[in-house]
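Engineer: Residue numbers (the numbering used here): 75 to 499. The following block contains the structure, expressed as structure tokens.
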Ligand code: DOR
Ligand code: ZN
């Protein structure tokens with residue numbers, strides 16, 4: 075038995091279809107898109123009045139398993155993902171043990187398959203135990219299932235190692251995702267360095283900690299003619315550097331997170347530890363620049379950097395709390411509220427940033443577009459439905475969101491992964 079989506083107004087990265095279509099999914103693939111399909115014998119989902127998008131793809135998520143199952147598990151993280159409209163997520167390697175060996179990769183893939191809600195791709199670490207001392211065996215990790223590598227949570231500071239990693243990644247055709255933040259410059263900062271940090275008396279993390287690393291990575295990518303993907307860009311200056319590098323033909327791609335275009339560093343003045351995130355929330359001009367960079371193509375992808383932490387871990391002083399906030403369940407709503415409704419981007423461009431471009435960046439050739447022959451990963455939304463973020467509403471194990479109480483636009487109505495309904499309101 076297949077699945078038929080009836081009355082679908084399809085939104086791909088290039089356009090919104092003007093007439094409703096029926097979509098037949100069989101064996102995990104989209105097999106037919108025509109104006110009317112006899113659904114006899116198939117399961118049906120009626121999408122009348124809704125928008126039908128290629129399944130959202132988040133290439134930057136922290137699932138915490140193995141090691142910190144009190145914060146999140148592959149199961150609870152997958153539930154949060156499909157509730158947020160995501161059909162594919164990539165999980166970062168800062169687990170315990172670190173994803174630096176094939177056994178851990180296989181364990182995560184096996185558990186994700188058992189849960190069976192969305193596709194989960196583990197990201198291997200660039201250096202063993204993320205210690206910035208010795209490279210992992212990237213070929214062995216690729217064979218186990220890693221299509222991208224990162225030491226996210228921190229930069230690969232050792233430039234010689236980073237150069238080598240980029241050379242191996244080029245040979246293996248895998249993606250290097252770099253967390254850009256020089257800890258010698260950050261030196262214990264807990265929020266953006268600027269007028270607000272001075273006023274509230276919290277130690278500042280200067281923007282140059284990010285931009286010097288962005289500059290270095292662009293230079294290494296240019297020198298090697300190799301690809302690099304820059305994680306969670308937060309600054310106007312970072313966008314300027316990336317824009318310039320792209321104009322020179324450097325193979326750099328970049329991502330930004332909803333919290334970096336929805337909140338400024340003023341939010342930290344509340345001392346709410348869910349606003350403590352790495353890189354930190356920045357100044358108003360940076361927020362504006364990130365929006366412009368998303369609109370003009372400097373920033374390729376929108377990702378969540380979903381970083382769950384327990385109440386116990388976060389309910390300490392601002393200085394002592396871990397960095398991170400949860401994002402899977404609020405991402406689409408924030409993108410529609412902050413970017414689509416104010417007409418900074420339209421719905422097809424949103425689809426590009428949240429599905430088509432991420433699929434392309436990580437090399438998933440049959441995802442990111444609703445098209446015959448492509449994977450049957452589909453997200454149905456009502457972009458006009460408003461809802462209020464509530465702590466009790468989160469299915470993620472952790473609740474560390476600075477958006478609780480916010481009214482957002484855009485509701486996920488149904489998520490379909492591999493041709494099966496995995497979430498429905
Ligand atoms: O805020 C963050 N939290 N930034 C990171 O880079 C790591 C993440 C985490 O793992 O908690
Ligand atoms: Zn991260």
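We put the CB at the ideal spot given by N, CA and C, even for glycine. Predicted model only: the values in this text are computed from it and were never measured.
Taking the beta carbon of residue 284 as the centre, do at least 16 other beta carbons fall within 10 Å, making it buried, or is it exposed?
Structural biologist: Under a 10 Å Cβ-count criterion, residue 284 is classified as buried, with 16 or more other Cβ atoms of the shown protein chains found around its own Cβ.
Engineer: Going by DSSP, name the residue or residues bridged to residue 278.
Structural biologist: 265
Engineer: Can you tell me the Cα-Cα spacing of residue 335 and residue 361, whole angstroms?
Structural biologist: 5 Å
Engineer: Could you pull out every unbroken beta strand (DSSP E) segment of at least 3 residues lying fully inside the segment 105 to 170, listed in chain order?
Structural biologist: 117 to 120, 125 to 128, 130 to 135, 160 to 165
Engineer: Taking residue 32 as part of the alpha helix (DSSP H), name the residues at either end of that continuous run.
Structural biologist: The question about residue 32 has no answer, for the chain in this structure spans 75 to 499.
Engineer: The ligand ZN and residue 226: does the residue's C-beta get closer than 6 Å to at least one heavy atom of that ligand?
Structural biologist: yes
Engineer: So for residue 378, helix, strand or coil by DSSP?
Structural biologist: coil
Engineer: Closest to residue 350 by CA distance: which of 369, 327, 382 is it?
Structural biologist: 382
Engineer: Could you check whether residue 202 and residue 210 sit closer than 7 Å to each other, using their CB atoms as the reference points?
Structural biologist: yes
Engineer: To the nearest angstrom, report how far apart residue 176 and residue 219 are at their CA atoms.
Structural biologist: 8 Å
Engineer: May I ask you to report which of helix, strand or coil DSSP gives residue 484?
Structural biologist: strand
Engineer: Just to check my reading of the structure: residue 479 and residue 463 have Cβ atoms closer than 8 Å, yes? What is that Cβ distance to the nearest angstrom?
Structural biologist: In this structure residue 479 touches residue 463 by the C-beta definition: roughly 6 Å separates them, less than 8 Å.
Engineer: Run the proximity test for residue 395: is its beta-carbon closer than 6 Å to any non-hydrogen atom belonging to the ligand DOR?
Structural biologist: No, the beta carbon of residue 395 sits no closer than 6 Å to any heavy atom of the ligand DOR.
Engineer: Is it the case that the Cβ atoms of residue 255 and residue 229 are separated by a distance below 7 Å?
Structural biologist: yes
Engineer: So, are the CB atoms of residue 307 and residue 343 less than 7 Å apart?
Structural biologist: no
Engineer: Does the Cβ of residue 166 lie closer than 6 Å to at least one heavy atom of the ligand ZN?
Structural biologist: yes
Engineer: What did DSSP end up calling residue 458 once you bin it into helix, strand or coil?
Structural biologist: Looking at residue 458 - three-state DSSP - the assignment turns out to be strand.
Engineer: Grab me the residues of residue 354's own chain with a C-beta within less than 6 Å of its C-beta, minus the 5 sequence neighbours each way, in chain order.
Structural biologist: 265, 266, 279
Engineer: Can the beta-carbon of residue 102 be found closer than 7 Å to that of residue 450?
Structural biologist: Against a cut-off of 7 Å, the Cβ pair of residue 450 and residue 102 comes out as a contact.
Engineer: On the CB-based measure, 16 or more other CB atoms within 10 Å of its CB, does residue 487 come out buried or exposed?
Structural biologist: buried
Engineer: Could you please give me the residues that DSSP links to residue 222 through a beta bridge?
Structural biologist: 249
Engineer: Closest to residue 112 by CA distance: which of 78, 471, 207, 326 is it?
Structural biologist: For residue 112, the nearest C-alpha among the options comes from 78.
Engineer: Is there contact here, the segment 413 to 423 with the segment 185 to 204, by at least three beta-carbon pairs under 8 Å?
Structural biologist: At 8 Å Cβ cutoff, the stretches do not touch.
Engineer: Suppose the cutoff is 7 Å on Cβ atoms and the five residues either side in sequence are ignored; what does the same chain contact list for residue 472 look like?
Structural biologist: 145, 146, 382, 383, 384, 400
Engineer: First and last residue of the alpha helix (DSSP H) that includes residue 342?
Structural biologist: No alpha helix (DSSP H) contains residue 342, which DSSP labels as neither H nor E.
Engineer: Looking at residue 130: is its Cβ nearer than 7 Å to the Cβ of residue 159?
Structural biologist: yes
Engineer: Is the number of C-beta pairs between the segment 304 to 322 and the segment 284 to 293 that are closer than 8 Å three or more?
Structural biologist: The segment 304 to 322 makes contact with the segment 284 to 293, as at least three CB pairs between them are under 8 Å.
Engineer: Cβ of residue 379 versus every heavy atom of the ligand ZN: is any distance shorter than 6 Å?
Structural biologist: yes
Engineer: Considering Cα atoms alone, identify which of 224, 185, 135, 411 is closest to residue 174.
Structural biologist: 224
Engineer: Counting C-beta neighbours from all protein chains within 10 Å, is the total for residue 234 16 or more, i.e. buried, or is it exposed?
Structural biologist: exposed
Engineer: Decide if residue 236 is buried, meaning its Cβ has at least 16 other Cβ atoms within 10 Å, or exposed.
Structural biologist: buried
Engineer: Specify the secondary structure class of residue 469 as computed by DSSP and reduced to three states.
Structural biologist: coil
Engineer: Based on Cα-Cα distance, which residue from 83, 168, 121, 76 lies nearest to residue 379?
Structural biologist: 168
Engineer: Please report how far the alpha carbon of residue 134 lies from the alpha carbon of residue 339, in whole angstroms.
Structural biologist: 22 Å
Engineer: Classify residue 170 as buried or exposed, calling it buried when 16 or more other Cβ atoms lie within 10 Å of its own Cβ.
Structural biologist: With fewer than 16 Cβ atoms within 10 Å of its Cβ, residue 170 is classed as exposed.
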